[in-house]
Amino acid sequence: MDNHERVAVLLVGYGEVEQYRDFASYNELALRLLAAKFLKIPEFGFRLLARTLARKDTKEWAGRDNFRSPHNAFFEAQRAGIEAQLHSRFGERVRVFKTFNFCEGDLPDQVLARIRAQGFRRLLVYPLLVVDSIFTSGLALQQINEALAAEERWVDHLRYLPSFYDKADYHTRLAGHIESHLARLSARHQPSRIGVVLINHGCPCEANGFTTGIEESQFLYERVRERLICRYPLVSIGWLNHETPGRWTIPDVAQAARNLLAIGAGTLVFCPIGFVTENHETILDVEAIMQRFEQKAIPCTRLDCLNDDPAFLEAAAGWVAPLVEELLTERSIPAVASRG
446 MDNHERVAVL LVGYGEVEQY RDFASYNELA LRLLAAKFLK IPEFGFRLLA RTLARKDTKE
506 WAGRDNFRSP HNAFFEAQRA GIEAQLHSRF GERVRVFKTF NFCEGDLPDQ VLARIRAQGF
566 RRLLVYPLLV VDSIFTSGLA LQQINEALAA EERWVDHLRY LPSFYDKADY HTRLAGHIES
626 HLARLSARHQ PSRIGVVLIN HGCPCEANGF TTGIEESQFL YERVRERLIC RYPLVSIGWL
686 NHETPGRWTI PDVAQAARNL LAIGAGTLVF CPIGFVTENH ETILDVEAIM QRFEQKAIPC
746 TRLDCLNDDP AFLEAAAGWV APLVEELLTE RSIPAVASRG
């Protein structure tokens, strides 16, 4: 099959720094693409603030046993797993590429250039980010559209899956993942005294009219909560907010934990649901919160994200399989057609 008729799936993630020296450039790009949507930052401020944050990040990561984020490795495992699942359905007619919003070398425009050079003309944009918002799938579209606008048209057919926060099989797998850990804790703790914090990514309450993901994240929380609460009554949403000016979602993770303790929790379990790939937030930020409670002799447990869980990867491939099918059956646009 000619590559013009094959489908390129572009899996989009944030990406994380692998070398400490890259913090400043990573932070500057993130500030320009994310923070500028809800904060007024003067042009000179981007680089200055990025360098300040880089010093803070380097100190924090180095102080945690020279922490290295597992995010990019897990994302590659997710890419490979989803590709394997799609190959089992469509064979070599589909290939999965990865791109990161903020990592030089794998930025969307760079990966799109590689996809084009290999002759693909059918593109499926797939942000592997749980919630649909301007900071996730919206950002992916912004970067991809900027790259596509910079050259003549070469994508004949395009499809897009914005998110999967509303997928029932995602809710079921998350609840099963969490319950398997809670069942083990139940051997030592009364189930009604296990405080469960379901962690969503924090959202600013306003971002110039853009969708910030609050309603979508709340929907996700409710669907997971309803699968747990009859056995484990102490369940709360907890928003993992950034230390950024402005109003953010409440309760944050620490407040959610305190609330659960106030109504009888004897142990705390922190479970990411708005994150599907481990990153420094789900590890370092959550562990820093846990330490505050552990210093008060309150036992705490941090659960991993689903990462490369086989059941998740099978479901993730299934969500885009109908779109791949659509792209494969689209009629090719003749080469003489205008691509302007």
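The working numbering numbers the first residue of the sequence shown as 446 and each following residue consecutively. Glycine included, each C-beta is placed from N, C-alpha and C at the ideal position.
Quick one: residues in its chain with C-beta nearer than 6 Å to the C-beta of A761, no 5 flanking neighbours on either side, listed in chain order? As a first step, residue 761 must be located in the sequence shown, where it is residue number 316. Cβ within range, chain order: I527.
On the DSSP letters alone, give me the boundaries of the alpha helix (DSSP H) that A453 sits inside. For the purposes of this step, residue 453 is taken as residue 8 along the sequence shown, with counting starting at 1. Here A453 belongs to no alpha helix (DSSP H); instead the beta strand (DSSP E) covers 452-458.
Taking the alpha-carbon positions, what's the A481 to T544 distance? Counting from one through the sequence shown, the residue named residue 481 turns up at place 36. Counting from one through the sequence shown, the residue named residue 544 turns up at place 99. Each residue's alpha carbon lies about 22 Å from the other.
Assign T497 to one of three DSSP states: helix, strand, or coil. Position 52 of the sequence shown, counted from the first residue, corresponds to residue 497. Helix at T497.
Could you have a look at P755 and say whether DSSP puts it in helix, strand or coil? Against the sequence shown, residue 755 aligns to sequence position 310. Residue state, collapsed to three classes: helix.
Spell out the partners DSSP gives Y677 in its beta bridges. Locating residue 677 in the sequence shown gives position 232, counting from the first residue. DSSP, once it has assigned bridges, lists no residue as partnering Y677.
When you measure from the CB of R737 to every non-hydrogen atom of the ligand NAD, does any distance come out below 7 Å? Absence of the ligand NAD from the depicted structure is noted, as is the absence of any ligand whatsoever, leaving it without description.
How about F757 and L748: are their beta carbons less than 8 Å apart? Your numbering for residue 757 matches position 312 in the sequence shown. Your numbering for residue 748 matches position 303 in the sequence shown. No. Outside cutoff.
Entirely enclosed alpha helix (DSSP H) segments - the region 611-647, minimum 4 residues: 613-630
Under 8 Å, with one C-beta from each stretch per pair, do the region 611-623 and the region 667-685 reach the 3-pair mark? yes
Apart from the five residues on each side of it in sequence, which residues of its chain come closer than 7 Å, Cβ to Cβ, to N472? The residue you call residue 472 lines up with position 27 of the sequence shown. Around N472: A495, L498, A499.
The alpha helix (DSSP H) with R524 in it runs from where to where? In the sequence shown, residue 524 corresponds to position 79, counting from 1. Segment 516-535, the alpha helix (DSSP H) holding R524.
Just to confirm, is the Cβ distance from R567 to R638 under 8 Å? As a first step, residue 567 must be located in the sequence shown, where it is residue number 122. As a first step, residue 638 must be located in the sequence shown, where it is residue number 193. For R567 and R638, no; Cβs fall outside 8 Å.
Check R604 in the structure and name its three-state DSSP category. Residue numbering aside, residue 604 sits at position 159 when the sequence shown is read from its first letter. Three-state DSSP puts R604 in a strand.
So who's on the other strand from F715, going by DSSP bridges? Counting from 1 along the sequence shown, the entry for residue 715 is found at position 270. Answer is V642, R747.
With R567 as the anchor, note down where its beta strand (DSSP E) starts and where it stops. Against the sequence shown, residue 567 aligns to sequence position 122. Looking at the DSSP string, the run of the beta strand (DSSP E) that includes R567 is 567-572.
Quick test of the definition: if touching needs 3 or more C-beta pairs under 8 Å, does the region 646-665 touch the region 587-600? no
On a CA-only basis, which of V714, Q555, E624 is nearest G683? Give me that one, please. Position 238 of the sequence shown, counted from the first residue, corresponds to residue 683. For G683, the nearest C-alpha among the options comes from V714.
Cα-Cα separation, F520 to G460: Working through the sequence shown from its first residue, we reach residue 520 at position 75. Working through the sequence shown from its first residue, we reach residue 460 at position 15. If I take the Cα positions, the gap works out to 8 Å.
In terms of alpha-carbon separation, which member of D551, G564, G550 lies closest to R540? As a position in the sequence shown, residue 540 is number 95, starting the count at 1. With distances taken between Cα atoms, R540 lies closest to G564.
Report the partner residues of A691 according to the DSSP bridge assignment. Against the sequence shown, residue 691 aligns to sequence position 246. Note on residue identity: the sequence assigns Gly, not Ala, to residue 691. None, per the DSSP bridge assignment.
When we look at the beta-carbon of P767 and count the other beta-carbons within 10 Å, is it buried (16 or more) or exposed? For the purposes of this step, residue 767 is identified with residue 322 of the sequence shown, where counting begins at 1. It counts as exposed.
For D510, name the three-state secondary structure that DSSP assigns. Here residue 510 is taken as the residue at index 65 of the sequence shown, counted from 1. In the three-state scheme derived from DSSP, where H, G and I count as helix and E and B as strand, D510 is classed as coil.
Shortest alpha-carbon distance to H581 belongs to which of P696, A475, K741, L729? The residue labelled residue 581 in the question sits at position 136 within the sequence shown. The residue asked about is misnamed: residue 581 is Thr in this sequence, not His. Here the closest residue by C-alpha is A475.
Within the continuous alpha helix (DSSP H) that includes F468, where are the two ends? Taking the sequence shown and counting its residues from 1, the one referred to as residue 468 is at position 23. It spans 468-478 - the alpha helix (DSSP H) in which F468 sits, taken as one unbroken run.
When you compare each of R737, H516, D502, F489 to V721 by their alpha carbons, which one comes out closest? One-based indexing of the sequence shown puts residue 721 at position 276. For V721, the nearest C-alpha among the options comes from H516.
Taking 8 Å as the threshold (C-beta atoms), are I708 and L685 in contact? Numbered from its first residue, the sequence shown carries residue 685 at position 240. Numbered from its first residue, the sequence shown carries residue 708 at position 263. Not closer than 8 Å, so no.
Reducing DSSP to helix, strand and coil, say where L703 ends up. Position 258 of the sequence shown, counted from the first residue, corresponds to residue 703. Rather than Leu, the amino acid found at residue 703 in this sequence is Arg. Of the three classes helix, strand and coil, the one that applies to R703 here is helix, per DSSP.
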